[in-house]
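Chemist:
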Amino acid sequence: MRRTKEDAEKTRVALLASAERLFLDKGVAHTSLDQIARDAGVTRGAVYWHFQNKAHLFHEMLNQVRLPPEQMAERLCSCTQQQPLKALHDLCIDGISALGRDEQKRRVMTILLHRCEFTDELREAEERHQAFINLFIELCEKLLERAADSLYPGITPRLAARTLHALIVGLFSDWTRDPTLFDPEQDCAALIEPVFRGLVRDWDRSVAQ
Numbered sequence: 002m003r004r005t006k007e008d009a010e011k012t013r014v015a016l017l018a019s020a021e022r023l024f025l026d027k028g029v030a031h032t033s034l035d036q037i038a039r040d041a042g043v044t045r046g047a048v049y050w051h052f053q054n055k056a057h058l059f060h061e062m063l064n065q066v067r068l069p070p071e072q073m074a075e076r077l078c079s080c081t082q083q084q085p086l087k088a089l090h091d092l093c094i095d096g097i098s099a100l101g102r103d104e105q106k107r108r109v110m111t112i113l114l115h116r117c118e119f120t121d122e123l124r125e126a127e128e129r130h131q132a133f134i135n136l137f138i139e140l141c142e143k144l145l146e147r148a149a150d151s152l153y154p155g156i157t158p159r160l161a162a163r164t165l166h167a168l169i170v171g172l173f174s175d176w177t178r179d180p181t182l183f184d185p186e187q188d189c190a191a192l193i194e195p196v197f198r199g200l201v202r203d204w205d206r207s208v209a210q
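Rendered as structure tokens:
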């Protein structure tokens, strides 16, 4: 029994690895379960033993890694620091640099941003993705409300939150499309900080308090 369980887990891991590889190469919509089974060296029946359908397999592939948007939302949920602007600044930098530290995370994020057409079959995955986007913006806005007096006139916490979200998503999208554009670990501070300086009056003093 133990050997059977070990074999089953190896098959599951192999299927997820093949799905990740083929989704990245062909795109999610153009990859079939038959192709995934052949790439993993197993039968189509083995696929259905572990996964209900392609959407389930895709969802489990996402579950293998904690993607930067999800990590950032989780950290924002527990953020109780007295310096909300610095906390948000550091969080944005950590979110970007995480892509450079984890190759699998980069591959899965690339699939999500560039190789995935959200058809009806993948509706649940799309809803999950959209939920984290909305949660990130909402949590950023609440954090910025604690430092609203430091924002430039005319910039509301909501506008600032949406600006930061657009920046983060743009950097995620650009780097996963072309990793030569910048170094996510070395350049992220230089990419993030000018935006905070454009949103926050006396930025240096704000983060030093």
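Using the numbering used here, the letters of the sequence shown correspond one by one to residues 2 to 210.
From the three backbone atoms N, C-alpha and C, an ideal C-beta is built for every residue, glycine too.
As the structure is a prediction and not an experimental result, all values here were calculated from the model.
Looking only at its own chain, which residues have a Cβ that is under 8 angstroms from the Cβ of residue 28, when we skip the five neighbours before and after it?
Modeler: As a first step, residue 28 must be located in the sequence shown, where it is residue number 27. Hits under 8 angstroms: 116, 117 and 118.
Chemist: Identify, in the order they occur along the chain, each residue of the same chain with its Cβ nearer than 8 angstroms to the Cβ of residue 201, setting aside the five sequence neighbours on each side.
Modeler: As a working note, residue 201 is residue 200 in the sequence shown. For residue 201, where only same-chain residues beyond five positions count, the Cβ hits under 8 angstroms are 86, 148, 151, 152, 153 and 207.
Chemist: Rounded to a whole number of angstroms, what is the C-alpha to C-alpha distance between residue 65 and residue 106?
Modeler: Counting from one through the sequence shown, the residue named residue 65 turns up at place 64. Counting from one through the sequence shown, the residue named residue 106 turns up at place 105. One C-alpha to the other measures close to 9 angstroms.
Chemist: How about residue 56 and residue 122: are their beta carbons less than 8 angstroms apart?
Modeler: To locate residue 56, count along the sequence shown from 1; it is residue 55. To locate residue 122, count along the sequence shown from 1; it is residue 121. Yes, the Cβ-Cβ distance between residue 56 and residue 122 is below 8 angstroms.
Chemist: Go through the segment 147-207 residue by residue and report every complete run of the alpha helix (DSSP H) that reaches 4 residues or more, in order.
Modeler: The segment 147-207 contains these whole alpha helix (DSSP H) runs: 158-178 and 189-200.
Chemist: For the segment 89-96 and the segment 12-29, state whether three or more C-beta atom pairs, one from each stretch, are separated by less than 8 angstroms.
Modeler: The segment 89-96, when compared against the segment 12-29, does not touch it at the 8 angstroms Cβ threshold.
Chemist: Exposed or buried, what is residue 13 when buried is set at 16 or more other beta-carbons lying within 10 Å of its beta-carbon?
Modeler: The sequence position of residue 13 within the sequence shown is 12, counting from 1. When all chains shown are included, residue 13 counts as buried.
Chemist: Please go through the same chain and pick out, in chain order, the residues whose beta-carbon is closer than 8 angstroms to the beta-carbon of residue 203, but skip the five residues on each side of it.
Modeler: For this step, residue 203 is matched to residue 202 along the sequence shown. For residue 203, where only same-chain residues beyond five positions count, the Cβ hits under 8 angstroms are 151.
Chemist: According to DSSP, is residue 28 part of a helix, a strand, or is it coil?
Modeler: In the sequence shown, residue 28 corresponds to position 27, counting from 1. Note: residue 28 maps to coil in three-state DSSP.
Chemist: Under DSSP, the alpha helix (DSSP H) around residue 96 begins and ends at which residues?
Modeler: As a working note, residue 96 is residue 95 in the sequence shown. 85-102 is the extent of the alpha helix (DSSP H) around residue 96.
Chemist: What does the alpha-carbon distance come out to for the pair residue 6 and residue 157?
Modeler: Here residue 6 corresponds to residue number 5 of the sequence shown, with the count starting at 1. Here residue 157 corresponds to residue number 156 of the sequence shown, with the count starting at 1. One C-alpha to the other measures close to 55 angstroms.
Chemist: Would DSSP call residue 120 helix, strand or coil?
Modeler: Taking the sequence shown and counting its residues from 1, the one referred to as residue 120 is at position 119. Correct three-state label for residue 120: coil.
Chemist: How big is the Cα-Cα spacing for residue 95 and residue 183?
Modeler: Locating residue 95 in the sequence shown gives position 94, counting from the first residue. Locating residue 183 in the sequence shown gives position 182, counting from the first residue. When rounded, the distance between both Cα atoms is 15 angstroms.
Chemist: Applying the criterion that 16 or more other CB atoms from any shown protein chain within 10 Å of the CB defines a buried residue, is residue 50 buried or exposed?
Modeler: Within the sequence shown, residue 50 is the residue found at index 49, counting from 1. Result: exposed.
Chemist: Can residue 61 and residue 17 be called in contact, C-beta distance under 8 angstroms?
Modeler: Residue numbering aside, residue 61 sits at position 60 when the sequence shown is read from its first letter. Residue numbering aside, residue 17 sits at position 16 when the sequence shown is read from its first letter. It is a contact, given that the beta carbons lie within the stated cut-off.
Chemist: Beta-carbon separation of residue 185 and residue 97 under 8 angstroms?
Modeler: Numbered from 1 along the sequence shown, position 184 holds the residue referred to as residue 185. Numbered from 1 along the sequence shown, position 96 holds the residue referred to as residue 97. Taking 8 angstroms as the Cβ cut-off, residue 185 and residue 97 qualify as a contacting pair.
Chemist: Exposed or buried, residue 31, counting other C-beta atoms within 10 Å across all chains shown (16 or more means buried)?
Modeler: In the sequence shown, counting from the first residue as 1, residue 31 sits at position 30. Result: exposed.
Chemist: Could you pull out every residue in the same chain whose Cβ sits closer than 6 angstroms to the Cβ of residue 211, ignoring the five residues on either side in sequence?
Modeler: This structure does not reach residue 211, given that the chain is present from 2 up to 210, and the question cannot be answered.
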